[in-house]
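Heads up: the sequence lines are chains Y and R, in that order.
Take any residue in the first sequence, count from 1 to its spot, add 625: that is its number in this note's numbering.
Take any residue in the second sequence, count from 1 to its spot, add 41: that is its number in this note's numbering.
Cβ coordinates follow ideal geometry from the N, Cα and C atoms, glycine included.
Because the structure is a prediction, the values reported are computed rather than measured.
So the structure is just underneath, and the comments pick up after that.
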Amino acid sequence: MIFDVEHETLPREELEALQLRRLQSLVERVYHNVPFYKKRLEEKGVRPGDIQKLDDVRHLPFTEKQDLRNNYPYGMFAVSMENIVRIHSSSGTTGKATVVGYTHRDVKNWASLMGRCFAAAGVGPGDILHNAYGYGLFTGGLGAHYGAEAVGATVIPMSGGATRRQIMIIKDFMATAICCTPSYSLHLAETAEELGIDFRKLPLKVGIFGAEPWSESMRKDIEAKLNIQALDIYGLSEIMGPGVGIECAEAQNGLHMQEDHFLLEIIDPVSGEPVAPGEMGELVITTLTKEAIPLLRYRTRDLTRLEYTPCRCGRTTARMMRVQGRSDDMLIIRGVNVFPQQIESILLDTDGLAPHYQLVVDRKGTMDTLEVRVEVNEGVFTDEIKGLQSLEKKVQGSIKEFLGVTASVKLVEPKGIERSMGKAQRIIDLRKEAK
Amino acid sequence: MKVDQLSIFLENRAGRLAEVTKILSDSGVNIRALSLADTSDFGILRLIVSDFEKARNELKNQGFTVGRTTVVAVEVDDQPGGLHNILSILQAENINVEYMYAFVHQSSNHAVIIFRFDRTDQAIELLKKHNLTIIPGEKLYSL
C-alpha cells in the first residue's frame, strides 16, 4: 500500500528537479539563519546562488555529530524558539546529547513520512499498533505514534518496560502490528513463552523494527518466534527520527528512502569523495525540508549502499541496503579498508565460534599487522591441537579470501575478551600510540 | 571400559595452569594422570581425575572451556617391548593413535598408557582379543 503515491512514485527526473528546488531553498535558509552554516559556507567560498545542479551538493560542507554537540543545545536551530513546538534529544551515551527541534510543519511532515512507512508495512485503518518504542525525549515513541495515527491505525501508546504487562495488552487488545527494537521483540516472545502464551497464535501480523542494528538471521528468528513479517525501519534523531526509510512488505529487500525529503549521498569515509554508483560507503543525508534544524550533508557514519533498480512494490525511491557497520570503526590495514563487522560475519559463518572477538592492529617496522582474537567455546573446542589449529587456519583463510588481508588468528579463553556494559571494544589500535 | 578424560583450553599465560590446579585442589579432586599439549599461543591440558563431573563443573563455573573425550587406559608390561607389542597390534588393524601419554602407578610392575584412538570401540575389541588389560574408568579414577 502506498500512502503518498504522488511523491513515492515520482519518475527520477521529476524527483531530482524537486530535490534541486528544495536544496537551493535550504542553502539559502541556512546561510541566512544559522551562523554556523554561514561561516562554514564562507570558509568554502560557497554562496547560496552557486547551487545550480544537484551534484553541486558536493561543494557544501559536511555536518558531523560533534557540530551538534558544540552548538548544544540550540545553536544549530534555523528558526526562533517561538516556532519550535517540540524538542527531542539523543541519549548521549557516547558523549553530550544532541538536541533537535521541530516546527509545527516539521512534526506534520514527520507524521506523514512515518505514515508512508506504516502503509509500506501494510498497516492502516482497522489495525491496532502496539507501540513499544520509548515515549519521551527519544524520537521512537512519538514518531511512530503520530505516523500510525496518520494512516488511521489505532495506537496503543505502550512505551518501553513492564514486559509482562505488555504481553497481556498485546494479547487482550488484539494488536495486529507492533513496533519496538528487534531485540525487545525477541524478549517479548521469550517472556510470553514463560507465561505460557504462544505469540504465534496471536493476531499480530507485522513488526516494524529499528533503532539498533540487526542481522538477517535475527529477522528469521523474529519471524519464526512471533509468526509475523519483520520489517526494518531507519532513522536517526539528528535527521528526524524514525521514518527516513523502511522496507516494503511486498519485496522486503532494502529500505525505501524518502528522497523527496532527504538528499542522499554515499561517500568514501576517508576521502569524503563520492564512491562509484552502487558501491558501499558512508551514508550522508541532507535534510531538504526540515525547518527547525536543517542539516547539510550530515555524516551518519552508517556504511551501506544504495540500489536504484525498480522495486516491485511500485515505489521509485532508492533503496538502502542493510547497514554494514559504522565508518568510525573502519581500519586501514596495509591500505585495505577493514570493518570489524566483516570479520564478525566471517567468525559467525565459521561453525560454532563465539561472537566475542577483538582486533589488534599493530605495526612491525613498516608493516601493519592484524591479530584477530576470538574466544573458544565448547562448541568448537576439541582436545586435539590439530583441530584447533585447523580452526585458526580456516578463519585466517576466510579473512584472506574475503578481505584480502593476512591476519593472525589467536584463540583465547572464554571471557578472555573484556566485556563492557555498553558497546564492545572491538579494536585495539596500537599504531596510534606508536606515532 | 572407556575412560572419561577432561580437556581444558588454556591460553599460554603465566599462572594459568596453577589456576586449574587450585580449583581442583579446592574442590578435593585428585589428578590421576595428565598431559599438556602446547603451541605458541595456547595449550590443551588433558586430565584424568578422581571425580570427572565435579572437576568439570567447577572448572566451567570458573569460566574455563572444558571438553570430555573418551580414552582407553591399557596396562603395559614395564619391560622392553611392552608398548611396542600394543602398537603393532593396532597397526595391523590400521587403528590410529591420535595421542597418548603414560603414567606409572605406585607399587606395580605395570605402566598405564592412556590412548586416544581414532576408532575407540574397535581398538578396545582388538586389545581385549589380544588379552591386554584395559583398566576401566571407575577403577582408574579411584586408583
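### Task
Identify which residue in Ile49(R), Ala143(R) and Asp82(R) has its Cα closest to the Cα of Leu100(R).
Looking at Ile49(R), Ala143(R) and Asp82(R), the one whose alpha-carbon comes closest to that of Leu100(R) is Ile49(R).
### Query
Do you know how far the Cα of Gly765(Y) is from the Cα of Tyr758(Y)?
Distance between the alpha carbons of Tyr758(Y) and Gly765(Y): 5 angstroms.
### Task
Compare the beta carbon distance of Glu863(Y) and Tyr923(Y) with 8 angstroms and say whether it is the shorter of the two.
Yes, the pair counts as a contact, with Cβ atoms nearer than the cut-off.
### Task
Determine, using beta carbons only, whether Arg1056(Y) and Arg988(Y) come nearer to each other than 8 angstroms.
Yes.
### Query
Which residues in chain R sit within 7 angstroms of Phe1006(Y), going by Cβ to Cβ distance?
Here the neighbours are Phe50, Thr106 and Gly108.
### Message
Which same chain residues end up closer than 7 angstroms to Leu124(R) when comparing Cβ atoms and leaving out the 5 residues on each side of it in sequence?
### Response
Short of 7 angstroms from the beta carbon of Leu124(R), and not among the five residues preceding or following it, lie these beta carbons of its own chain, in chain order: Val117 and Ile154.
#### Entry: Secondary structure of Pro899(Y), DSSP reduced to three states
DSSP places Pro899(Y) within a strand segment (E or B) once states are collapsed to three.
### Query
If we call anything under 8 angstroms between Cβ atoms a contact, is Asn756(Y) one with Met783(Y)?
It is a contact, given that the beta carbons lie within the stated cut-off.
#### Entry: Nonlocal neighbours in the same chain, by C-beta distance under 6 angstroms from Ala836(Y), ignoring five residues either side
Taken in chain order, the residues that qualify are Gly765 and Thr806.
### Query
Would a check of beta-carbon distances place Thr80(R) closer than 8 angstroms to chain Y?
True, the Cβ-Cβ gap to chain Y drops below 8 angstroms.
### Task
Output yes if chain R places a C-beta closer than 8 angstroms to the C-beta of Pro1039(Y); else output no.
Interface residue, yes.
#### Entry: Sub-8 angstroms separation of Gly747(Y) and Ala874(Y) beta-carbons
Contact annotation: Gly747(Y) and Ala874(Y) have beta-carbon atoms nearer than 8 angstroms.
### Message
Is the separation between the beta-carbon of Gly726(Y) and that of Phe763(Y) shorter than 8 angstroms?
### Response
For Gly726(Y) and Phe763(Y), no; Cβs fall outside 8 angstroms.
### Task
Determine the direct distance from the alpha carbon of Tyr982(Y) to that of Glu52(R), and round the result to whole angstroms.
Using only the alpha carbons, I get a separation of about 15 angstroms.
### Task
Could you list which residues in chain Y have their beta carbon closer than 7 angstroms to that of Phe144(R), in chain order?
Here the premise fails: no neighbours, minimum Cβ distance about 17 angstroms.
### Task
Just the C-alpha distance for Met42(R) and Ala814(Y), rounded to the nearest angstrom, thanks.
Their backbone Cα atoms lie some 46 angstroms apart in a straight line.
### Residue from Lys169(R), Ile85(R) and Arg57(R) with nearest C-alpha to Tyr140(R)
Measuring from the Cα of Tyr140(R), the nearest candidate turns out to be Ile85(R).
### Query
With burial defined as no fewer than 16 other Cβ atoms inside 10 Å of the residue's Cβ, what is the status of Asp1008(Y): buried or exposed?
Here Asp1008(Y) is buried: its Cβ has 16 or more other Cβ atoms, across all protein chains shown, within 10 Å.
### Query
Of all the options His886(Y), Asp885(Y) and Arg930(Y), which has the alpha carbon lying nearest to the alpha carbon of Gly906(Y)?
Closest by C-alpha distance to Gly906(Y), out of His886(Y), Asp885(Y) and Arg930(Y), is Arg930(Y).
### Query
What is the DSSP secondary structure of Lys1060(Y), counted as helix, strand or coil?
Low confidence applies to Lys1060(Y): its pLDDT is 43, below 50, so where it sits in the model is not reliable, and the reading given next is rough at best. Three-state DSSP puts Lys1060(Y) in coil, outside helix and strand.
### Element boundaries [alpha helix (DSSP H), containing Phe1027(Y)]
Element bounds for Phe1027(Y): Ile1010 to Leu1028.
### Task
Report the neighbours of Glu139(R) on chain Y: residues whose CB is nearer than 7 angstroms to its CB, in chain order.
In chain order: Glu1009.
### Task
Identify which residue in Thr991(Y), Phe1027(Y), Glu996(Y) and Leu1036(Y) has its Cα closest to the Cα of Ile569(Y).
The requested residue 569(Y) does not occur in the structure, where chain Y is confined to residues 626 to 1060.
### Message
Below 8 angstroms, how does it come out for the region 664-680 of chain Y and the region 877-884 of chain Y: are there three or more Cβ pairs, yes or no?
### Response
For the pair of segments examined, the region 664-680 of chain Y was found not to touch the region 877-884 of chain Y: the number of CB pairs separated by less than 8 angstroms stays below three.
### Query
Measuring CB to CB, does Ala96(R) end up less than 8 angstroms from Leu173(R)?
No, the pair does not count as a contact, with Cβ atoms beyond the cut-off.
### Query
Between Leu920(Y) and Thr688(Y), is the Cβ-Cβ spacing less than 8 angstroms?
Between Leu920(Y) and Thr688(Y), the gap from beta carbon to beta carbon is short of 8 angstroms.
### Query
Since Arg87(R) meets chain Y, which of its residues come closer than 7 angstroms, beta carbon to beta carbon?
By Cβ distance, chain Y contributes Asp1008.
### Per-residue burial, Met865(Y) [other beta carbons within 10 Å of its own, 16 or more giving buried]
Classification for Met865(Y): buried.
### Query
Quick one: Cα of Arg157(R) to Cα of Thr111(R), how far?
Take the alpha-carbon of Arg157(R) and the one of Thr111(R): they are about 7 angstroms apart.
### Task
Could you tell me if Pro894(Y) is buried or exposed, where buried requires 16 or more neighbouring beta carbons within 10 angstroms of its beta carbon?
Pro894(Y) should be labelled buried.
### Task
Rank Lys690(Y), Tyr662(Y) and Leu679(Y) by C-alpha distance to the C-alpha of Glu639(Y) and give the top, closest one.
For the residues Lys690(Y), Tyr662(Y) and Leu679(Y), the minimum Cα distance to Glu639(Y) belongs to Leu679(Y).
### Query
When you compare only the Cα positions, how much space is there between Ala817(Y) and Leu635(Y)?
Roughly 43 angstroms between the two C-alpha positions.
#### Entry: Integer Cβ distance of Ile712(Y) from Val704(Y), believed to fall under 8 angstroms
Contact doesn't hold; Cβ gap of about 13 angstroms is too wide.
### Message
Which of the three DSSP states is assigned to Ala802(Y) in this structure?
### Response
If DSSP states are grouped into helix, strand and coil, Ala802(Y) belongs with the strands.
### Cutoff 6 angstroms; reference Tyr771(Y); Cβ partners in own chain excluding five residues on either side
Result list for Tyr771(Y): Ala736, in chain order.
### Task
Enumerate in chain order the residues of its own chain whose CB-to-CB distance from Val90(R) is below 8 angstroms, with the five nearest sequence positions on each side excluded.
Correct list, in chain order: Leu47, Leu65, Val70, Asn71, Ile72, Arg73, Ala96 and Tyr182.
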